[in-house]
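Trainee: Line order of the protein sequences matches chains A and B.
Sequential numbering from 1 applies to the first sequence in the UniProt record's numbering.
Sequential numbering from 1 applies to the second sequence in the UniProt record's numbering.
Don't be surprised by glycine CBs; every beta carbon is placed ideally from N, CA and C.
2 protein chains.
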Amino acid sequence: MTVRTKTKREKLAEREEAIVSAARKMFHERGMQAAKMADIAAAAGVAEGTLYLYFKNKEALFAAVVTRHWEDLTEGASRVVAEVDTPRDQLAALAQFTLRRILDDWKLFELSFVLHYGSGDTSDATDKRAYVRIFDGIIERGIDRGDFSPEAPVRLLRDLFFGTMEYAVRSMLRSGKQDDEPAALAMLLKATDGVLMPTAEPQKADLADRLEAAVARLEAMSNR
Amino acid sequence: MTVRTKTKREKLAEREEAIVSAARKMFHERGMQAAKMADIAAAAGVAEGTLYLYFKNKEALFAAVVTRHWEDLTEGASRVVAEVDTPRDQLAALAQFTLRRILDDWKLFELSFVLHYGSGDTSDATDKRAYVRIFDGIIERGIDRGDFSPEAPVRLLRDLFFGTMEYAVRSMLRSGKQDDEPAALAMLLKATDGVLMPTAEPQKADLADRLEAAVARLEAMSNR
DNA sequence: GAACCGAATGAGCAACCCTCATTATTTCTG
DNA sequence: CAGAAATAATGAGGGTTGCTCATTCGGTTC
């Protein structure tokens, strides 16, 4: 019996898998609007009505696809980040991974925006939550270790980090120049450094002022 | 005759204005999908078929609304930027203006994304072109004047600038904390500074020069 | 094998964008 | 100014598409 119920559950899971998989393909190929429920059903080898047994409506099916995509991304990012030690390197690794994946899979990334923009739901992207948390973790650890300034505005940095990357990818795809990737990463890290480790330059200048002042005192003494 | 044709043109222009205006309101209130062409026609005091005499389809009408919004933004930004002198201040002014306007009118801003994301047109946002050019102009002028490093990667900076702001606004709206606005602006400018005025090396060299000069003075004195 | 129950089906409905034959309005002409 | 010609506007109807629901199917139990 346990075996039989399990088989039954597995059957349902398989069907759901087939549906999501077919939906993913269709949405990817044709976008949210152009992908028809009838096509998805056909591709999944299922009657149209069956879709509605597994997902409330088209949008819910769409959301399932997007959610799964973000889960994949999160897993990949976790692995990459775990491979290096210092928070600074982790940040660089996360940036590189994210940029690459967004570039490779822009279409799907785009779709995740359609989901939240398109229909006026203000419900935030819970999909992204886990992904963003990786970033937060790196920053927090960096602050704890003393690598980063304790006043670092984590939330704002997050926006800087991901916002810049999304726009950079969009620019690259538009202009067709994907070779700017290293330059973009370098700039992003330089910018975050500017916020994470501030006030290095002023201190240096200050240092020079103090030294010159000291010399001036010597001069004044000698000239006396 | 000239008068009559003018009157005719004006009449057509008026009707178009009424349509776009009604569409703007509807799209703003209900979003791209939920706003029905029938409703827009009714709101504009026009038959549904008439809409299609002025705009090819729903998307074209939508595009007209978005374009007009960006024209407004561009005009406002130009004015604000012209009011201050140094490129650095202009950048700050542009940032503040942009952030404020995106915050105030997020819904419409959102819609401009639906336009380009939603239907799989890779055609870039010509709407934004003029707006972005304001930013480019500031940077170029700054480089010419010597305020900014000549190696400044303008295109990437653009992505940093606008990407960060969009994400920041989204965060603020999500968390309901709009009081972070000054902090967000400060961080953004600090980050751009980090990229625009790198030259840590030159400063260091300068520092050494100054120290050596000071020492030389001491030496000269002692040798006297 | 009969009764039961959840899963699956697909014809049909309602909503919506868009077209086009028809009607109204303006412009032109003699 | 009358009537013809051209242009603008209309809205009923066509074609899609997302979704529902009465019906059928497949398997489990007694």
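For G76(B), does the three-state DSSP call read helix, strand or coil?
Mentor: Position 76 of the second sequence holds residue 76(B). Residue state, collapsed to three classes: helix.
Trainee: Assuming T192(A) and F161(A) form a contact by the criterion Cβ under 8 Å, report the distance between their Cβ atoms to the nearest whole angstrom.
Mentor: Indexing the first sequence from 1 puts residue 192(A) at position 192. Indexing the first sequence from 1 puts residue 161(A) at position 161. T192(A) to F161(A), Cβ: 7 Å. Contact.
Trainee: Please determine, among D85(B), Y131(B), D89(B), E110(B), the residue with the shortest C-alpha to C-alpha distance to A77(B).
Mentor: In the second sequence, residue 77(B) corresponds to position 77, counting from 1. Of the listed residues, the one whose Cα sits closest to A77(B) is Y131(B).
Trainee: With a threshold of 6 Å on Cβ separation, who are the neighbours of L53(B) within its own chain once the five nearest residues in sequence on each side are excluded?
Mentor: One-based indexing of the second sequence puts residue 53(B) at position 53. Excluding positions up to five away in sequence, the list is empty.
Trainee: Do the region 93 to 103 of chain A and the region 167 to 184 of chain A meet, that is, are 3 or more Cβ pairs less than 8 Å apart?
Mentor: yes
Trainee: Using the beta-carbon of each residue, which ones in chain B are nearer than 8 Å to T195(A)?
Mentor: Position 195 of the first sequence, counted from the start, is the residue given in the question as residue 195(A). The sequence shown places Val at residue 195(A), not Thr. Within 8 Å Cβ-Cβ: M187, K190, A191, G194.
Trainee: Listed from N- to C-terminal order along the chain, which residues in the region 147 to 175 of chain B have their beta-carbon within a distance smaller than 7 Å of any beta-carbon of chain A?
Mentor: P153, R155, L156, D159, L160, F162, G163, T164, E166, Y167, A168, S171, R174
Trainee: Does DSSP put V84(B) in a helix, in a strand, or in coil?
Mentor: In the second sequence, counting from the first residue as 1, residue 84(B) sits at position 84. Residue state, collapsed to three classes: coil.
Trainee: Apart from the five residues just before and just after F135(A), which ones in its own chain have a Cβ nearer than 7 Å to its Cβ?
Mentor: In the first sequence, the residue the question calls residue 135(A) occupies position 135. The answer, listed in chain order, is L94, R158, F161.
Trainee: List the residues of chain A whose Cβ lies closer than 9 Å to the Cβ of A130(B), in chain order.
Mentor: Indexing the second sequence from 1 puts residue 130(B) at position 130. Correct list: empty, because the minimum Cβ distance to chain A is about 16 Å.
Trainee: Just checking: is the beta-carbon of D180(A) within a distance shorter than 9 Å of some beta-carbon in chain B?
Mentor: The residue you call residue 180(A) lines up with position 180 of the first sequence. So, interface residue.
Trainee: Run down chain A in chain order and give the residues with a C-beta less than 7 Å from the C-beta of residue 225(B).
Mentor: Lying outside 1 to 224, the shown extent of chain B, residue 225(B) is not represented and no answer is given.
Trainee: Which whole-angstrom value is the C-beta distance of M165(A) and L189(A), which I expect to be below 8 Å?
Mentor: Residue 165(A) sits at position 165 when you count from the first residue of the first sequence. Residue 189(A) sits at position 189 when you count from the first residue of the first sequence. About 11 Å; that fails the 8 Å criterion.
Trainee: Can you have a look at residue 251(A) and say buried or exposed, based on whether 16 or more other CB atoms are within 10 angstroms of its CB?
Mentor: Since the displayed chain A opens at 1 and closes at 224, residue 251(A) lies outside it and no answer follows.
Trainee: Can you tell me the Cα-Cα spacing of W70(A) and E17(A), whole angstroms?
Mentor: Against the first sequence, residue 70(A) aligns to sequence position 70. Against the first sequence, residue 17(A) aligns to sequence position 17. The straight-line gap from Cα to Cα measures roughly 16 Å.
Trainee: Tell me the residue span of the alpha helix (DSSP H) that contains M197(A).
Mentor: Sequence index remark: in the first sequence, residue 197(A) carries index 197 (1-based). It is not in any alpha helix (DSSP H) - M197(A) carries neither H nor E in the DSSP assignment.
Trainee: Expressed to the nearest angstrom, what Euclidean distance is found between the alpha-carbon atoms of F27(A) and G45(B)?
Mentor: Taking the first residue of the first sequence as 1, we reach residue 27(A) at position 27. Taking the first residue of the second sequence as 1, we reach residue 45(B) at position 45. Answer to the nearest angstrom: the Cα atoms are 37 Å apart.
Trainee: Using a Cβ-Cβ cutoff of less than 7 Å, which residues in the same chain neighbour R174(A) once the five nearest sequence positions on both sides are dropped?
Mentor: Sequence index remark: in the first sequence, residue 174(A) carries index 174 (1-based). No residues qualify anywhere along the chain.
Trainee: With F161(A) as the anchor, note down where its alpha helix (DSSP H) starts and where it stops.
Mentor: Taking the first residue of the first sequence as 1, we reach residue 161(A) at position 161. Run containing F161(A): 154 to 175, per the alpha helix (DSSP H) assignment.
Trainee: Buried or exposed: where does E48(B) fall if 16 or more other Cβ atoms within 10 Å of its Cβ makes it buried?
Mentor: As a position in the second sequence, residue 48(B) is number 48, starting the count at 1. Label assigned to E48(B): exposed.
Trainee: Please classify L115(A) as buried or exposed, where buried requires at least 16 other C-beta atoms within 10 Å of its C-beta.
Mentor: Locating residue 115(A) in the first sequence gives position 115, counting from the first residue. Classification of L115(A): buried, given that the 10 Å Cβ count is 16 or more.
Trainee: Taking a contact to mean a Cβ-Cβ separation below 9 Å, would you say I19(A) touches L73(A) in this structure?
Mentor: Within the first sequence, residue 19(A) is the residue found at index 19, counting from 1. Within the first sequence, residue 73(A) is the residue found at index 73, counting from 1. It is not a contact, given that the beta carbons lie outside the stated cut-off.
Trainee: Along the chain, where does the alpha helix (DSSP H) containing E110(B) start, and where does it finish?
Mentor: Translated into the one-based positions of the second sequence, residue 110(B) becomes position 110. Looking at the DSSP string, the run of the alpha helix (DSSP H) that includes E110(B) is 106 to 113.
Trainee: Between which residues of its own chain and residue 226(A) is the CB-CB distance below 7 Å, once the five residues before and five after are set aside?
Mentor: There is no way to answer for residue 226(A), as the model of chain A reaches only from 1 to 224.
Trainee: In the structure shown, what three-state DSSP assignment does F27(B) receive?
Mentor: Position 27 of the second sequence, counted from the first residue, corresponds to residue 27(B). In the structure shown, F27(B) sits in a helix (DSSP, three-state: H, G or I).
Trainee: In chain order, what are the residue ranges of uninterrupted alpha helix (DSSP H) at least 4 long that sit wholly in the UniProt domain "HTH tetR-type" (13 to 73) of chain A?
Mentor: Correct list: 37 to 44, 48 to 54.
Trainee: Any heavy atom of the ligand GDP within a distance shorter than 8 Å of the CB on E16(A)?
Mentor: The ligand GDP is absent from the structure shown, which contains no ligand whatsoever.
Trainee: Would you mind sorting A13(B) into buried or exposed? The rule is 16 or more other CB atoms within 10 Å of its CB.
Mentor: For the purposes of this step, residue 13(B) is identified with residue 13 of the second sequence, where counting begins at 1. Counting the other CB atoms within 10 Å of its CB gives A13(B) a total below 16, which places it among the exposed residues.
Trainee: Classify R170(A) as buried or exposed, calling it buried when 16 or more other Cβ atoms lie within 10 Å of its own Cβ.
Mentor: If you number the first sequence from 1, residue 170(A) lands on position 170. R170(A) comes out buried.
Trainee: Restricting to Cα atoms, I'd like to know which of S149(A), P87(A), A63(A) is closest to I138(A).
Mentor: On the first sequence, position 138 is the one that residue 138(A) refers to. The option with the nearest alpha carbon to I138(A) is P87(A).
Trainee: Sorted by chain position, which residues of the same chain lie with C-beta nearer than 8 Å to F148(A)'s C-beta, five sequence neighbours on each side aside?
Mentor: Within the first sequence, residue 148(A) is the residue found at index 148, counting from 1. In its chain, beyond the 5 residues on either side, P87, I139, G142, L196, M197 have a beta carbon closer than 8 Å to the beta carbon of F148(A).
Trainee: Going by CA-CA distance only, name the one from T67(A), T50(A), E10(A) that's closest to R24(A).
Mentor: Taking the first sequence and counting its residues from 1, the one referred to as residue 24(A) is at position 24. Here the closest residue by C-alpha is T67(A).
Trainee: Going by C-alpha to C-alpha distance, which of E75(A), M37(A), A82(A) sits closest to R129(A)?
Mentor: Locating residue 129(A) in the first sequence gives position 129, where the first residue counts as 1. Out of E75(A), M37(A), A82(A), E75(A) has the C-alpha closest to the C-alpha of R129(A).
Trainee: To the nearest whole angstrom, what separates the beta carbons of A22(B) and A43(B), a pair I think is in contact under 8 Å?
Mentor: Taking the second sequence and counting its residues from 1, one reaches residue 22(B) at position 22. Taking the second sequence and counting its residues from 1, one reaches residue 43(B) at position 43. Between A43(B) and A22(B) the Cβ distance is about 4 Å, and since that is below 8 Å, they are a contact.
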